[in-house]
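Q: Dropping a structure here in structure tokens format, bear with me for questions.
In this note's numbering, the protein residues as written are 70 to 195.
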């Protein structure tokens with residue numbers, strides 16, 4: 070069943086438009102955290118724009134966006150903020166990463182999203 074749900078949500082035009090709108094902002098906000106930070110910020114913003122979230126989840130995701138802005142390196146952003154994003158977003162976060170990666174044209178961003186997905190997967194095993 071989850072596989073079917075994943076298939077239904079991947080590849081939508083709304084995701085493509087979301088990326089076009091927010092990817093430049095994600096890179097600008099991420100600064101020193103680079104594409105990794107941008108991928109984390111973009112994923113948190115994507116999850117924030119979903120309708121089925123609580124106020125607490127929205128605040129947590131907003132804090133993750135702010136943490137990316139304060140990150141001074143890609144490694145710190147990935148290990149600390151990316152892992153935290155995985156903890157708070159769970160399966161919905163993994164689906165968001167897949168949706169974003171499937172619609173992203175920037176190869177560096179796709180690699181950053183894939184790396185973030187692996188970090189989240191490893192974090193879940195710990």
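The beta-carbon is built from N, C-alpha and C at its ideal position, and this holds for glycine as well.
What you are looking at is a predicted structure, and each value in this text was computed from that prediction instead of being measured.
1. If you follow the alpha helix (DSSP H) that residue 96 is part of, which residue opens it and which one closes it?
2. What's the call for residue 142, buried or exposed, on a 16-neighbour Cβ count within 10 Å?
3. Sort 95, 117, 116, 187 by Cα distance to residue 108 and report the nearest one.
4. Comparing alpha-carbon positions, which option in 105, 163, 100, 187 lies nearest residue 138?
5. Give the secondary structure of residue 171 by DSSP, where H, G and I count as helix, E and B as strand, and everything else as coil.
6. When we look at the beta-carbon of residue 86 and count the other beta-carbons within 10 Å, is it buried (16 or more) or exposed?
7. Apart from the five residues on each side of it in sequence, which residues of its chain come closer than 8 angstroms, Cβ to Cβ, to residue 179?
8. CA-CA distance, residue 133 and residue 165?
9. For residue 183, does the three-state DSSP call read helix, strand or coil?
A: Short version:
1. Sequence index remark: in the chain shown, residue 96 carries index 27 (1-based). Note, residue 96: alpha helix (DSSP H), 82-99.
2. For the purposes of this step, residue 142 is taken as residue 73 along the chain shown, with counting starting at 1. Per the 10 Å Cβ criterion, exposed.
3. Numbered from its first residue, the chain shown carries residue 108 at position 39. Of 95, 117, 116, 187, the residue nearest in Cα terms is 95.
4. Within the chain shown, the letter at position 69 stands for residue 138. Of the candidates 105, 163, 100, 187, the one whose C-alpha sits nearest the C-alpha of residue 138 is 100.
5. Counted from its first residue, the chain shown places residue 171 at position 102. In the structure shown, residue 171 sits in a helix (DSSP, three-state: H, G or I).
6. By 1-based counting over the chain shown, the position of residue 86 is 17. The residue is exposed, with fewer than 16 neighbouring Cβ atoms inside 10 Å.
7. Here the question's residue 179 lines up with position 110 in the chain shown. Only 170, 173 meet the Cβ criterion.
8. For the purposes of this step, residue 133 is taken as the residue at position 64 of the chain shown. For the purposes of this step, residue 165 is taken as the residue at position 96 of the chain shown. Cα-Cα distance, rounded: 15 angstroms.
9. One-based indexing of the chain shown puts residue 183 at position 114. Helix.
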